[in-house]
Amino acid sequence: MNKLPSLEDIRVFVTVARLMSFSQAASQLLVSPAYVSKRIKLLEENLGQTLFFRTARSIKLTHEGQIILRSSEVMLAELEQMQQQLNACREEIRGNLRISCSTGFGSTYINPFILTLRGSHPLLGIDLTLTDKSVDIISENIDVDICIGGTIAEQFIARRIARNQRILCASPTYLATHSYPKYPQELEQKHFCIAIKERNQAPAVWKLEHQQESMTVTPNSKLTVNNGEVAKQWCLSGEGILLRSQWSVQPELQSGQLVRVLPQWHQTADVYAVYSRSLRTSANLRVFIENLEQYLATHLSHGF
Numbered sequence: 229m230n231k232l233p234s235l236e237d238i239r240v241f242v243t244v245a246r247l248m249s250f251s252q253a254a255s256q257l258l259v260s261p262a263y264v265s266k267r268i269k270l271l272e273e274n275l276g277q278t279l280f281f282r283t284a285r286s287i288k289l290t291h292e293g294q295i296i297l298r299s300s301e302v303m304l305a306e307l308e309q310m311q312q313q314l315n316a317c318r319e320e321i322r323g324n325l326r327i328s329c330s331t332g333f334g335s336t337y338i339n340p341f342i343l344t345l346r347g348s349h350p351l352l353g354i355d356l357t358l359t360d361k362s363v364d365i366i367s368e369n370i371d372v373d374i375c376i377g378g379t380i381a382e383q384f385i386a387r388r389i390a391r392n393q394r395i396l397c398a399s400p401t402y403l404a405t406h407s408y409p410k411y412p413q414e415l416e417q418k419h420f421c422i423a424i425k426e427r428n429q430a431p432a433v434w435k436l437e438h439q440q441e442s443m444t445v446t447p448n449s450k451l452t453v454n455n456g457e458v459a460k461q462w463c464l465s466g467e468g469i470l471l472r473s474q475w476s477v478q479p480e481l482q483s484g485q486l487v488r489v490l491p492q493w494h495q496t497a498d499v500y501a502v503y504s505r506s507l508r509t510s511a512n513l514r515v516f517i518e519n520l521e522q523y524l525a526t527h528l529s530h531g532f
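Each residue of the sequence shown is one higher than the one before, counting from 229 in the working numbering.
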């Protein structure tokens, strides 16, 4: 019965097959040519297959050798990936991480996530800034900015960590007085709207999407505020129609305090982690972003 090949024999075989030379493989592996020949011979005996055609001047993979090479390369790559993951688990995450985020999303999700993260990485210090104004991550010394939608400068790395939509909603009180809008254009004159001026993003236009169609409307905004939670309170009080992230209004939609209007229309506003390219190899940042992505996948209210 054939024996299972050793990992060392596989490693030597792959090196020889890539270089097509026993002597060059020996030099790369820092072993003698005799050692390489011995390992290949043992591998062929264990597999019961001839792996190379040998001549005085060259070698060539047999058909069986080509099949084994493909499988061996996949196996070695998976083993290397496993080792990297184990090494990452052994890394001691310490030091400080400066994070910025909008007030609403930060209070609802980033705050409880940080408490969870601290449980597994107690040596990681967190400096969290919640603001509804735009931030300059360079001048303000921010390591990572968690932002929702908007335009991201090209000099930064932006990693999407969660999908999100902004939807249109209103209170039953408002709809009882003003009726349901049938078309997005009605938001420009026929209805009253509540605009959010978060992070210095202009509230003057709403870019809406429906399947492959997109439309830009200028809402009839009688109320404007730079805080999403205040805007939601105004909406709950019957002041108008609000364009707000699904996660923010999902509880009120479920309770009936708010009703979705023009449900076929939405605005894409995914959640991104934005950071400087100089931090792309930071272990602290990698651990934070990967864990946050997993946390949001479990906790973020979607409903779409």
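For each residue, glycine too, the CB sits at the ideal point set by N, CA and C. Just so it is clear, the structure is predicted and the values come from calculations on it, not from any experiment.
Among the candidates Leu352, Phe280, Lys231 and Leu270, whose CA atom is the shortest distance from the CA of arginine 246? On the sequence shown, position 18 is the one that residue 246 refers to. Comparing C-alpha distances from arginine 246 to each of Leu352, Phe280, Lys231 and Leu270 shows the shortest one belongs to Phe280.
Can you name the residues that DSSP bridges to serine 442? Within the sequence shown, the letter at position 214 stands for residue 442. Looking at the DSSP assignment, serine 442 forms a beta bridge with Glu437.
Which class does valine 499 belong to by DSSP, given the choice of helix, strand or coil? Your numbering for residue 499 matches position 271 in the sequence shown. Strand, per DSSP.
When you compare the stretch 297-304 with the stretch 326-342, are there three or more beta-carbon pairs, one atom per stretch, that lie closer than 8 angstroms? No, because fewer than three Cβ pairs between the stretch 297-304 and the stretch 326-342 fall closer than 8 angstroms, the two stretches do not touch.
What does the Cβ neighbour count give for aspartate 364, buried or exposed, with the cut at 16 atoms within 10 Å? Working through the sequence shown from its first residue, we reach residue 364 at position 136. If you draw a 10 Å sphere on the C-beta of aspartate 364, you find fewer than 16 other C-beta atoms in it, and that means exposed.
C-beta atoms of isoleucine 469 and alanine 525 nearer than 7 angstroms: Position 241 of the sequence shown, counted from the start, is the residue given in the question as residue 469. Position 297 of the sequence shown, counted from the start, is the residue given in the question as residue 525. 7 angstroms or more divides the Cβ of isoleucine 469 from the Cβ of alanine 525.
What's the gap between the Cα of valine 533 and the Cα of arginine 505? The displayed coordinates of the chain run from 229 to 532. Any statement about residue 533 would go beyond what the structure contains.
If you run the structure through DSSP and keep just helix, strand and coil, what is arginine 326? For the purposes of this step, residue 326 is taken as residue 98 along the sequence shown, with counting starting at 1. The answer is strand: DSSP assigns arginine 326 an E or B state.
Would threonine 444 pass as a contact of lysine 450 if the rule is Cβ separation under 7 angstroms? Looking up residue 444 in the sequence shown gives position 216. Looking up residue 450 in the sequence shown gives position 222. Not in contact: threonine 444 and lysine 450 (Cβ atoms no closer than 7 angstroms).
Can you list, in chain order, the residues of its chain whose CB lies under 8 angstroms from that of alanine 390, leaving out five sequence neighbours each side? Here the question's residue 390 lines up with position 162 in the sequence shown. These residues qualify, in order along the chain: Asp498, Val499, Glu521, Leu524, Ala525 and Leu528.
Name the two residues that bound the continuous beta strand (DSSP E) containing threonine 452. Indexing the sequence shown from 1 puts residue 452 at position 224. Per DSSP, threonine 452 is one residue of the beta strand (DSSP E) stretching across 449-453.
Between the beta-carbon of valine 502 and the beta-carbon of isoleucine 424, is there less than 7 angstroms? Looking up residue 502 in the sequence shown gives position 274. Looking up residue 424 in the sequence shown gives position 196. At least 7 angstroms separates the beta-carbon of valine 502 from that of isoleucine 424.
Out of curiosity, what's the CA-to-CA distance linking leucine 415 and alanine 511? Counting from one through the sequence shown, the residue named residue 415 turns up at place 187. Counting from one through the sequence shown, the residue named residue 511 turns up at place 283. When the Cα atoms are used, leucine 415 and alanine 511 turn out to be separated by approximately 47 angstroms.
Kindly indicate the opening and closing residues of the beta strand (DSSP E) around phenylalanine 280. For the purposes of this step, residue 280 is taken as residue 52 along the sequence shown, with counting starting at 1. First-last of the beta strand (DSSP E) with phenylalanine 280: 280-282.
If you count every other CB in all the chains shown that lies within 10 Å of the CB of proline 340, and 16 or more means buried, which is it? To locate residue 340, count along the sequence shown from 1; it is residue 112. Label assigned to proline 340: exposed.
Same chain, Cβ closer than 8 angstroms to glutamate 272, neighbours up to 5 away in sequence not counted: As a first step, residue 272 must be located in the sequence shown, where it is residue number 44. Cβ neighbours of glutamate 272 beyond the five flanking positions: Thr278 and Leu279.
How many angstroms separate the CA atom of threonine 405 from the CA atom of glutamate 480? Position 177 of the sequence shown, counted from the start, is the residue given in the question as residue 405. Position 252 of the sequence shown, counted from the start, is the residue given in the question as residue 480. Taking the straight line joining both Cα atoms gives about 20 angstroms.
How is the beta strand (DSSP E) around lysine 418 delimited, first residue to last? Against the sequence shown, residue 418 aligns to sequence position 190. Here lysine 418 belongs to no beta strand (DSSP E), and DSSP marks it neither H nor E.
Where does glutamine 482 sit, in a helix, a strand or coil, going by DSSP? Locating residue 482 in the sequence shown gives position 254, counting from the first residue. Helix, per DSSP.
Helix, strand or coil for valine 244, going by three-state DSSP, please let me know. Numbered from its first residue, the sequence shown carries residue 244 at position 16. In the three-state reduction of the DSSP assignment, valine 244 falls in the helix class.
For lysine 425, which three-state DSSP category applies? Sequence index remark: in the sequence shown, residue 425 carries index 197 (1-based). Of the three classes helix, strand and coil, the one that applies to lysine 425 here is coil, per DSSP.
Mark tyrosine 408 as exposed unless 16 or more other C-beta atoms lie within 10 angstroms of its C-beta, in which case mark it buried. If you number the sequence shown from 1, residue 408 lands on position 180. Per the 10 Å Cβ criterion, exposed.
By the 10 Å Cβ neighbour count, where 16 or more other Cβ atoms means buried, how is proline 350 classified, buried or exposed? As a position in the sequence shown, residue 350 is number 122, starting the count at 1. Counting Cβ neighbours within 10 Å, proline 350 comes out exposed, since fewer than 16 surround it.
If we count the other Cβ atoms within 10 Å of its Cβ and call it buried at 16 or more, is phenylalanine 532 buried or exposed? Reading the sequence shown from its first residue, position 304 is the one you call residue 532. Its pLDDT being 41, under 50, phenylalanine 532 is placed unreliably in this model, and the value from its coordinates should be taken loosely. Result: exposed.
Restricting to Cα atoms, I'd like to know which of Lys361, Asp360 and Thr344 is closest to isoleucine 354. Locating residue 354 in the sequence shown gives position 126, where the first residue counts as 1. Looking from the CA of isoleucine 354, the closest CA among Lys361, Asp360 and Thr344 belongs to Thr344.
According to DSSP, is valine 210 part of a helix, a strand, or is it coil? For residue 210 there is no data in the structure shown, the boundaries of the chain being 229 and 532.
Return the chain-ordered list of same chain residues with a C-beta closer than 8 angstroms to the C-beta of glutamine 256, the five sequence neighbours on each side being excluded. Within the sequence shown, residue 256 is the residue found at index 28, counting from 1. The answer, listed in chain order, is Thr243 and Leu247.
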